[in-house]
Every structure is written in C-alpha cells, then in structure tokens.
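Under our numbering, think of the first position of the sequence shown as 137, with each following residue one higher.
Note sheet for the following structure.
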Amino acid sequence: MKNNNKIAIVSASLGVGGAERFAGLLSFMLFDLGYDVHNIIIQDYVDYDYKGTLINLGKLVQNEKEIFRAVKKGKYIANYLADNNIQIIIDNRSRPMFLREVLTKWIYGNRKVYFMVHSFNSEMYFPRFSLGVNYLYKKASKLVCVSKGIETTIYQKFNLTNTTTIYNPIILPESESKRPDEIPEKYIIYFGRLEEEIKNFTLLLNGFSISKVYENGIKLLIVGNGKDKDFIQFKIKELQLENHVMLLPFQKNINPYVQFARCSVLTSRFEGFPMSIIESLAMGVPVISVDCETGPKEIIQNEFNGLLIPNHDANVLAEAIRTMFKDENLYQICKNNAQKSVEHLSLTTIAQQWNQLLAEK
C-alpha cells in the first residue's frame, strides 16, 4: 500500500560530495517506499541522480547580494512547504551558522524535522554554546547520525538523546564496467572532494612517495573536484611525482575508475561514514584507510576487507600501500571479503530502517 506522506529533503546541492550523494540515494529509497519526495537544494549543482520533484533554489534565486539571496531562498522554502502541505523534512545540510538556523527553525515551524549529521566535526552542525544546541535540536524529531561514533559523540558533548544511527546506503553493482581508456594499468585510487583541511592530501602524497611503488609502474589516481586542486598539484610537483600521480575531474559514474584499482585509499583527518569506503568495497575493491574519527573502524575489518592503520603517519601508510601489492594472499582475502562486508548497507535494508524511523510517532 502506497504511503502518501509528502517529504522534503533539504540539501546544499546534489553535486560532488558524499552528503550530496546520500541525498540522491535517500530520494530513491523514499520514492520507492511510496513517499512524495521533494528535493530542495540551495546551490545549483546537480551531478547525482534523484527521484521526485527538484526545487533548485540556485537557479530560482540569482543576481542579488548573498544576504538577500539567503533571505529570498528562506522565504521561498517557507512558501513551498506551506503551499504543498509538506509536514516531514529531512535536513541534509551542514549547519554551522547559529543565526541562520534560528531562521530555519522558524521556516520549518511545527513540522516533523529529521536533522542529518554527516561528520565527526560537530562545529559543522552544532553551535558552540549549549543553550543554542538545546534551542535548535532538543525538540527535533530525530538527529540521524551516519555512524555510531557520531551518535556517541553527540551524547557526550551535548547530552542529546533524540538521536539514532542509520548508515549511508550503497548500490551493489550488478556487473563489471568497461575499463576507461585514460586510466593507468596498475594504480591505487582516491576519489572524493579535493579539500586538504579534511582529506589530508599531504599525508596521502607523502605516503605514496615514501612507498616507492611507482618504481614498479604503479600510479596514484586522484578523482574529484574541489578548492584545493592547485595545492595538490603543487605538492605533486614538490615531491617530483608528476609522472606517477594522475588527477581526473569528478566523475558522475565513478564505478569504472574504482573497479580496476588495486585498492582505494582514505587519509582524512575526520569523517562521518565515508561513502568512498563503502562504494569501493561494494565494487569488490579493498580499502586502505586511516583510523580517523569517525566511520572507518565501523566498516574496515583489518586484514579482512582492507587495512585500517593509525592516522597521520606517512611511513605506516607507505608500508600499507606496499603490502597491498606485495602480499598477494592478504590482498585476495581482502578482495574476496570486500563486497559481502557491505551487503548490510544495501538500499533495501537502509530504506527499511528509514521507513521504520519515519513511522514512529
């Protein structure tokens, strides 16, 4: 029986990042469950597929100073929610500005609101003072965390108990993709945002340089867009890796680039529940990940589906990279276990968790 509830997913955009990728997948899950899905995005970036109606405020509100655009977008959302009688909201944005979120609270009114928390970095989602946290979130329907580590941190920092954990979902590929012409023969891959402050490309490139696997023709492929592309190119040049590191722009379909890699690599300073790890494993590709806060240790079982290593140590990372190529037995164990280790994160399973949450009174 179809569920006729209308639901709005409010996101920064539908482009480039893991949280945005999640928003697209969430629209698929809810649409297929029978919800009337309205995707409201603040910025005009649409790279990921979605289901339901798209309200692109980046296109609708233009050519004004930033503060006036923000107010106009807020009024548009308020009117849209009222005109369409939408009573359920999933807020997928980062929310670092308290005064803006006071306005948002007024816009949402008495509707059921579920606030996503995608990162261990609480400053991206919560004010620094407890009164502000309580005002914005104590009466929220639920704070939905993408890892158990985030949920524990929220309770410890803010004493909020209206929390739950629902992991990010993945789509298990049904077949192998065609090999792209531009990729190297042997390589490891990073894919995601190009942001040094979070993703720590300094560690990634230093570790790759120390590993010296490039002496055996193995390259590092970096795929993505972001504000720190120039910094990464400078670092590549500084380490004299110009012939061994390839940069490619964001790919809407990342599967072919991941499927033919020896492994994927994550060196972040912090995360939430990184989509790149679970997408890599879903494609049968092992992962080398630092044990950052939060997410990787909830996914990676060391020497079972990948290698989980201490963070901020380029020498340890270098050894892990070498191991993935030298130890064929270990590599095959990780590869054979990769996909089945994330089967519990299928769209169907995660969709049912969302359905149960939304059905709660």
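All C-beta atoms in this analysis are idealised placements derived from N, C-alpha and C, irrespective of residue type, glycine included.
On the DSSP bridge list, what partners appear for residue i?
i	result
Y186	Paired residue(s): none; Y186 is not in a bridge.
N438	G442
K211	Its beta-bridge partners do not exist; DSSP assigns none.
T300	V280
M252	V280
S425	L402 and L444
D227	V146 and F251
State yes or no: is the C-beta of residue i within less than 8 Å of the C-beta of residue j?
i	j	result
P432	E407	yes
S425	V394	no
L356	I390	no
F234	G268	yes
K178	L162	Here the sequence assigns Ile to residue 178, which means Lys is not the residue at that position. In this structure, L162 does not lie closer than 8 Å to I178 by Cβ.
D183	F386	yes
K371	T403	no
T300	K274	no
T297	S258	no
M252	I213	no
S347	I414	no
S477	P392	no
L384	S345	no
L196	E237	no
H254	A155	yes
N220	A159	no
L493	I302	yes
Starting from residue i and walking both ways along the alpha helix (DSSP H), at which residues does that stretch end?
i	result
C281	Counting along the chain, C281 falls outside any alpha helix (DSSP H), though it belongs to the beta strand (DSSP E) covering K278 to C281.
T485	L483 to A495
G194	L193 to L196
T288	K284 to F294
L267	S266 to Y273
D366	K365 to E374
K241	F234 to Y244
S347	F337 to S347
L150	No alpha helix (DSSP H) contains L150, which DSSP labels as neither H nor E.
V478	Looking at the DSSP string, V478 is not in any alpha helix (DSSP H), and its letter there is neither H nor E.
K314	Note, K314: premise wrong, no alpha helix (DSSP H); not H, not E.
On a CA-only basis, which of the options is nearest residue i? Give me that one, please.
i	options	result
E351	K322, Q475, Q369 and E259	K322
D449	L466, D427 and F461	D427
I145	R205, V197 and I224	I224
S482	I334, T403, F164 and I286	F164
I435	N447, G285, Y261 and K211	G285
D180	S147, L272, F158 and V207	S147
K142	Q292, Y216 and A155	Y216
D463	L443, V478, F367 and E479	L443
I307	R157, G170, E318 and N270	R157
G420	S347, P320 and K471	K471
Contact check, residue i vs residue j under 8 Å by CB: the rounded distance?
i	j	result
H174	G188	6 Å
A418	P309	7 Å
N473	N438	Going by Cβ atoms, the distance from N473 to N438 rounds to 12 Å, so no, they are not a contact pair.
V282	N246	Their Cβ separation, rounded to whole angstroms, is 26 Å, which puts V282 and N246 out of contact at 8 Å.
L330	G360	5 Å
F367	E333	The pair is not a contact, with the Cβ atoms about 10 Å apart (cut-off 8 Å).
In the DSSP assignment, find the unbroken beta strand (DSSP E) run with residue i in it and report its ends.
i	result
N175	D172 to I177
L402	S400 to L402
F327	K322 to F327
M382	V381 to L384
K355	I354 to V359
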